[in-house]
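Letter by letter, the sequence shown follows residues 1 to 467 of full-length UniProt numbering.
Just so you know, even glycine gets a beta-carbon here, dropped at the ideal spot from N, CA and C.
As the structure is a computational prediction, the values presented were derived from the model and not from experiment.
Below: one structure, written as structure tokens.
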Amino acid sequence: MKNSVEIKEIDRNIINIIKEITPLCGNLYLVGGALRDILNGVKPDDYDILTDYPTDSIIEKIKRNHKVKIARIENRINPLIRLDIDNGNILDLSTLQGQLSDNLSTRDFTVNSLAISINKLIKYDKTEIIDLFGGIEHAQHRILFPTTELSLKADPLRILRAFRIKLYKDYIFPETLSLDMKKHRKLIANVKGERLWMELKKILNHPDSYPVFSEIVNGKFLDDILVGVEKMRNFEHNKAPAKTLLEHSLYTYRRLEEFLNRDAKRLLGNIDYFNIPILKLSAFLHDIGKLYTKRYINEKEFHFYNHEIIGAKIAKDIVKEKLSFSNINAKYVEILVANHMRPHLFTKIGKLSDHAIYRFVRDSEGHPEDVITLSIADALSTNSKIDKLLYVASQVNDYIEKNSKNKIEALLNGKEIMELLSISPSKVIGEIKEQLIKEQINGFITSKEEAKHFVLKKFGNLHNELE
Numbered sequence: 001m002k003n004s005v006e007i008k009e010i011d012r013n014i015i016n017i018i019k020e021i022t023p024l025c026g027n028l029y030l031v032g033g034a035l036r037d038i039l040n041g042v043k044p045d046d047y048d049i050l051t052d053y054p055t056d057s058i059i060e061k062i063k064r065n066h067k068v069k070i071a072r073i074e075n076r077i078n079p080l081i082r083l084d085i086d087n088g089n090i091l092d093l094s095t096l097q098g099q100l101s102d103n104l105s106t107r108d109f110t111v112n113s114l115a116i117s118i119n120k121l122i123k124y125d126k127t128e129i130i131d132l133f134g135g136i137e138h139a140q141h142r143i144l145f146p147t148t149e150l151s152l153k154a155d156p157l158r159i160l161r162a163f164r165i166k167l168y169k170d171y172i173f174p175e176t177l178s179l180d181m182k183k184h185r186k187l188i189a190n191v192k193g194e195r196l197w198m199e200l201k202k203i204l205n206h207p208d209s210y211p212v213f214s215e216i217v218n219g220k221f222l223d224d225i226l227v228g229v230e231k232m233r234n235f236e237h238n239k240a241p242a243k244t245l246l247e248h249s250l251y252t253y254r255r256l257e258e259f260l261n262r263d264a265k266r267l268l269g270n271i272d273y274f275n276i277p278i279l280k281l282s283a284f285l286h287d288i289g290k291l292y293t294k295r296y297i298n299e300k301e302f303h304f305y306n307h308e309i310i311g312a313k314i315a316k317d318i319v320k321e322k323l324s325f326s327n328i329n330a331k332y333v334e335i336l337v338a339n340h341m342r343p344h345l346f347t348k349i350g351k352l353s354d355h356a357i358y359r360f361v362r363d364s365e366g367h368p369e370d371v372i373t374l375s376i377a378d379a380l381s382t383n384s385k386i387d388k389l390l391y392v393a394s395q396v397n398d399y400i401e402k403n404s405k406n407k408i409e410a411l412l413n414g415k416e417i418m419e420l421l422s423i424s425p426s427k428v429i430g431e432i433k434e435q436l437i438k439e440q441i442n443g444f445i446t447s448k449e450e451a452k453h454f455v456l457k458k459f460g461n462l463h464n465e466l467e
């Protein structure tokens, strides 16, 4: 069993940086996930350094020879300073409090509670791994055990982190961990939203996250975060193959991920999606409004009138309140959910007018491809054909290409409209400009004179109506 680390197993850039600071510092230790990854034959993404020397002095030393971006992460049991050195070399610096054993015992899992002396590694090119909790053996077998019985209760976010390690590192859960995770799952609601999303985002960002995400959802680990999920479990949906709204939501998530992995580029071209983890989350939440809009037409038939509008507000509130989304990211969720039915409706029309596409692009606020992709996943989740949706996508793409060079503006500005109609500033000015743009898109107005004639003919009496 491997129980030591050689200097050649550490990234060369990281070693060179460490060599610069070692003479300055006292004791330096490499701890955590990097050692786990080395034991598993995986290149670490970052390196956790534990030191009894003032971290600010170490940072100043590194800054003399390197470009350094600094982020202080304090809302965790072991606060750290994350350094991005020369764009891509990630060092996480933590201050050693008390004995090394005290620090290691506060870490989440045994495989992350390993350490080596960097001082010895630099001096001898090889050093033994300090293992107080059996982490070496657990890493060899890729089994995840909490460092102590209090690990999950001390920081419930570690429950989601366990799922992330399972997903990315191919670890398994022993029965004792699974039971412990279920026992403490309600505590996840006490974790700050930004920390929750940071962990959840990493899971959703994996190209094959569905098996683990569905395990999280079905295990009720997000019931107190994604409010409404509990009701979705028993909410009749009967849209084959799903029998419940939760099943349909998970199918949509799964189909979205499969479409992104296999078909999106081939069928839709190169799309620069705004945020794939949030797109996936929106796919899961896209029909949450159905919980509140189910209306029976007769004893057997029902509909969900305006479920996308109601659902958009609910989804936006959830991600802002529970996951601390920024206004921009929360708006993206709202746009996706509110508009996901539009492409479905377009399939019943066939050839779309430029004005219909213009309004869709406008309401999508720069994300029409994202909305269409969600609609495609929604269709695929019920085993429906997507040919007509792809035709909608091609029409939207053609329209965007045609108009990308010249943004369509009304031929008359607000001041000109007010002077022409002798009216004061009001929201009706914007409505008139929208009407003008519609006529311009459809080719009925091509000059200022034609625009003036249209406005006078259609809105000439507006002055009297507003008095």
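ask   = Considering Lys313, what are the terminal residues of the alpha helix (DSSP H) in which it resides?
value = 307 to 323
ask   = Measuring CB to CB, does Ser381 end up less than 7 Å from Arg185?
value = no
request  = Give me the Cβ distance between Asn27 and Asp56, rounded to the nearest whole Å; I'm assuming they're in contact under 8 Å.
outcome  = About 17 Å separates the two Cβ atoms, so there is no contact after all.
request  = Output yes or no for whether 7 Å exceeds the beta carbon distance between Phe304 and Tyr296.
outcome  = no
task = Thinking Leu187 and Lys220 are a contact (beta carbons under 8 Å), I'd like their distance in whole angstroms, please.
result = 13 Å between Cβ atoms; not a contact.
ask   = Just to confirm, are Ile172 and Ile136 a CB contact at a threshold of 7 Å?
value = no
task = Compute the Euclidean distance between the alpha carbons of Glu409 and Gly430, then round it to the nearest angstrom.
result = 12 Å
request  = Confirm, please, whether the CB-CB distance from Tyr253 to Asp370 is below 7 Å.
outcome  = no
inquiry  = Can you tell me whether Ala242 is helix, strand or coil according to DSSP?
reply    = strand
inquiry  = Tell me the DSSP secondary structure of Ile10 in three-state form.
reply    = coil
Own chain, CB closer than 8 Å to Asn78, minus 5 neighbours either side, in chain order = Ser94, Asn103, Thr106, Arg107
ask   = Looking at C-alpha atoms only, which residue of Ala189, Asp208, Leu285 is the closest neighbour of Lys322?
value = Ala189
query = So what does DSSP say about Phe274, is it helix, strand or coil?
reply = coil
ask   = Taking Ile10 as the reference, which of Lys183, Gly32, Tyr47, Glu334 has the closest Cα?
value = Tyr47
request  = Count the other C-beta atoms from every protein chain shown that fall within 10 angstroms of the C-beta of Ser426, then say buried if there are 16 or more, exposed otherwise.
outcome  = exposed
query = Where Ile18 and Met198 are concerned, what is the direct C-alpha to C-alpha distance, given to the nearest angstrom?
reply = 28 Å
task = Determine the DSSP secondary structure at Ile143, reduced to helix, strand or coil.
result = strand
query = Candidates Asn75, Thr347, Asp92: which alpha carbon is nearest Leu83's?
reply = Asp92
ask   = Which whole-angstrom value describes the C-beta separation of Glu6 and Asp125, a residue pair presumed to lie in contact below a C-beta threshold of 8 Å?
value = 6 Å
inquiry  = Between the alpha carbons of Asp45 and Ile38, how many angstroms are there, rounded?
reply    = 11 Å
message = Does any residue of chain D have a CB that is nearer than 7 Å to the CB of Asn13?
response = In the structure shown, chain D cannot be found, because there is only a single protein chain.
ask   = Among the residues of its own chain, which have a CB less than 7 Å from the CB of Val212, if the five just before and after it don't count?
value = Phe163, Lys166, Leu167, Ile203
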